[in-house]
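Inspection log for the structure reproduced underneath, given as structure tokens.
Residue numbers (our numbering), protein chains in the order written: chain A, 1 to 174; chain B, 175 to 575.
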């Protein structure tokens, strides 16, 4: 019976990975800005999750645990990423329009790369993954109040971003 | 959510690209092969995993043959997915035209020991020396995979690149002649809540990834899973100044691998794009070891001369005043083809006449010769205070990824 349980644990984990693969990878892309790092990040997070699966699966939202591991791992890999992806105060001119899908994607990546890590991760978890403020706080490792202030600062920066020029309504209240 | 928040959510949903491939459990299994080879420690995680591995017993045997490649590629050998403009962690590992070294060192040909350690407020670092005990040359590359054990067996851990106590040289292929030493840092974090776990043994899977060799260590850690940071393999012991404190490395191995300062004439140099904003001008200047042997650079660039003409004639020399930015200078060992960089900063924020810096000359601490660099794309615009030299700031040299 124990063996059966173990097998079903692994089956269930496999199922979890299949169901969440797309969203985990897309979130990781938003956190990292390229697929190579994103896939690394997802794999590491899943490997770290696997041994604890029998505990995690009983939680309401096991993916919050995975996102938390992803955030930790991403912050630790920060210096490596920083050598490659340098935020600039003023974005290059060629990103001024954001209409075509590829331009929009590029604009998004450029705009996100100007955000500090915490703000960037809060944006991804709160607005892309659609986690609650409390779950975002748990995953990022800060208070609900800090989530709000990270989100609001990030929103301010993104609205000013030339890479996303014209995307947000001018003058709209935050 | 207000309107802007909803627009952001919509943007994220529509503009985020589709992943190029699924995360499959097969890939996880390949990464997991080292754990499967661990001799059944008395801990549930591995036991729970056992049936899963067993179900893939055949696959795992095949995977073991493939895993060397998988691990070697894991840390960014230059085959990023098409269309990715993202960072490539290992830039230049061997200059073109030089034959890559022999074979990946098998674990049976390596022995390891702790050659130094260091600790910070929430980190403990062990520097692992890895010696080629075989009769032939072989290489190690990038980041090792390490599996930690404590008094009660396997310790669940995540592994990330980079440490806070030791400069990470970045992923390079390091050729080890018989008897030669390479090293890397393993750092455990103690800053998390919860009980402290002491890591007493590390099983180290080098580049070939198929089997491990053990190293006795003593590293305190906390958190579940334990978070380990690693630096990439570098030739010899890490330079003493790149570790912040007491290295207990015995002098003999360090001395036997001491490398000389790079000759400026054997360095190639390149300037990155000029980053401009708010009156600030920043350029990352990268120097690459184009000689046939490892050498060292370090400290701050010295005796900086700027010219407004790319001819570099004396009539065009600009009046500048150079400051070293904060940041601690460290010695960087450059393998053949490896790079280090520093940031050159100036400003257009003053009211003096604007000049264009078209050419830079500088020297390096301990290095003979001088480096000359033409600034591409029309040079760097700069203004100093009226009638005074143009302020310039340079950062210390550091290993470039």
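Yeah, the Cβ is synthetic: ideal placement off N, Cα and C, and Gly gets one too.
At the 7 Å Cβ level, is residue i part of the contact set with chain B, yes or no?
{"i": "residue 73(A)", "result": "yes"}
{"i": "residue 51(A)", "result": "yes"}
{"i": "residue 104(A)", "result": "yes"}
{"i": "residue 163(A)", "result": "no"}
{"i": "residue 11(A)", "result": "no"}
{"i": "residue 88(A)", "result": "Low confidence applies to residue 88(A): its pLDDT is 47, below 50, so where it sits in the model is not reliable enough to give any reading."}
{"i": "residue 21(A)", "result": "yes"}
{"i": "residue 156(A)", "result": "no"}
{"i": "residue 128(A)", "result": "yes"}
{"i": "residue 42(A)", "result": "yes"}
{"i": "residue 168(A)", "result": "yes"}
{"i": "residue 150(A)", "result": "no"}
{"i": "residue 59(A)", "result": "no"}
{"i": "residue 26(A)", "result": "yes"}
Considering only residues of the same chain and omitting the five flanking positions on each side of residue i, which have a CB-CB separation below 7 Å?
{"i": "residue 453(B)", "result": "521, 522 and 523"}
{"i": "residue 182(B)", "result": "none"}
{"i": "residue 368(B)", "result": "396, 397 and 398"}
{"i": "residue 17(A)", "result": "46"}
{"i": "residue 303(B)", "result": "286, 287, 289, 355, 357, 411 and 427"}
{"i": "residue 68(A)", "result": "138 and 139"}
{"i": "residue 477(B)", "result": "536 and 537"}
{"i": "residue 489(B)", "result": "none"}
Consider the Cβ of residue i: report whether some Cβ of chain A lies at a distance smaller than 7 Å.
{"i": "residue 322(B)", "result": "no"}
{"i": "residue 448(B)", "result": "no"}
{"i": "residue 183(B)", "result": "yes"}
{"i": "residue 402(B)", "result": "no"}
{"i": "residue 492(B)", "result": "no"}
{"i": "residue 334(B)", "result": "yes"}
{"i": "residue 330(B)", "result": "yes"}
{"i": "residue 463(B)", "result": "no"}
{"i": "residue 361(B)", "result": "no"}
{"i": "residue 186(B)", "result": "yes"}
{"i": "residue 405(B)", "result": "no"}
{"i": "residue 189(B)", "result": "yes"}
{"i": "residue 557(B)", "result": "no"}
{"i": "residue 477(B)", "result": "no"}
{"i": "residue 197(B)", "result": "yes"}
{"i": "residue 178(B)", "result": "yes"}
{"i": "residue 388(B)", "result": "no"}
{"i": "residue 343(B)", "result": "no"}
{"i": "residue 399(B)", "result": "yes"}
Can you tell me whether residue i is buried or exposed, with buried defined as 16 or more other CB within 10 angstroms of its CB?
{"i": "residue 365(B)", "result": "exposed"}
{"i": "residue 499(B)", "result": "exposed"}
{"i": "residue 59(A)", "result": "exposed"}
{"i": "residue 412(B)", "result": "buried"}
{"i": "residue 175(B)", "result": "exposed"}
{"i": "residue 102(A)", "result": "exposed"}
{"i": "residue 306(B)", "result": "buried"}
{"i": "residue 386(B)", "result": "buried"}
{"i": "residue 168(A)", "result": "buried"}
{"i": "residue 325(B)", "result": "exposed"}
{"i": "residue 19(A)", "result": "exposed"}
{"i": "residue 40(A)", "result": "buried"}
{"i": "residue 188(B)", "result": "exposed"}
{"i": "residue 310(B)", "result": "exposed"}
{"i": "residue 119(A)", "result": "buried"}
{"i": "residue 166(A)", "result": "exposed"}
Counting only the same chain and skipping the five closest in sequence on each side, list residues whose C-beta sits under 8 Å from that of residue i.
{"i": "residue 400(B)", "result": "322, 329, 330, 331, 332, 362, 363, 371 and 373"}
{"i": "residue 530(B)", "result": "482, 552, 553, 554, 555 and 556"}
{"i": "residue 296(B)", "result": "363, 364 and 365"}
Near residue i, which residues of its chain fall below 6 Å by C-beta distance, leaving aside the five closest residues on each side in sequence?
{"i": "residue 518(B)", "result": "457, 459 and 568"}
{"i": "residue 541(B)", "result": "435, 436 and 438"}
{"i": "residue 24(A)", "result": "42"}
{"i": "residue 147(A)", "result": "122, 133, 136 and 137"}
{"i": "residue 353(B)", "result": "none"}
{"i": "residue 48(A)", "result": "69"}
{"i": "residue 71(A)", "result": "121, 139 and 140"}
Who are the neighbours of residue i on chain C, taking C-beta pairs under 9 Å?
{"i": "residue 550(B)", "result": "In the structure shown, chain C cannot be found, because the protein chains are A and B."}
Decide yes or no for the touch test of the segment 489-499 of chain B against the segment 321-339 of chain B: beta carbon pairs closer than 8 Å, at least 3 of them. Not touching, per the Cβ criterion.
Enumerate, from N- to C-terminal direction, the unbroken beta strand (DSSP E) stretches of 3 or more residues contained entirely within the segment 299-383 of chain B. 312-315, 319-324, 331-335, 347-350, 355-363 and 370-379
Do the segment 343-355 of chain B and the segment 506-520 of chain B touch if we need at least three Cβ pairs shorter than 8 Å? As far as the Cβ criterion goes, the segment 343-355 of chain B touches the segment 506-520 of chain B, which means the pair count is three or higher.
Any chance the segment 146-164 of chain A sits against the segment 114-121 of chain A, with 3 or more Cβ pairs inside 8 Å? yes
As an exercise, report each continuous beta strand (DSSP E) stretch of at least 3 residues that is fully enclosed by the segment 465-538 of chain B, in chain order. For the segment 465-538 of chain B, the full-length beta strand (DSSP E) segments reaching 3 residues or more read 469-472, 476-481, 494-498, 505-508, 513-521, 528-531 and 533-537 along the chain.
Pairs of beta-carbons, one from the segment 556-564 of chain B and one from the segment 526-533 of chain B, closer than 8 Å: are there three or more? yes
Enumerate, from N- to C-terminal direction, the unbroken beta strand (DSSP E) stretches of 3 or more residues contained entirely within the segment 4-63 of chain A. none
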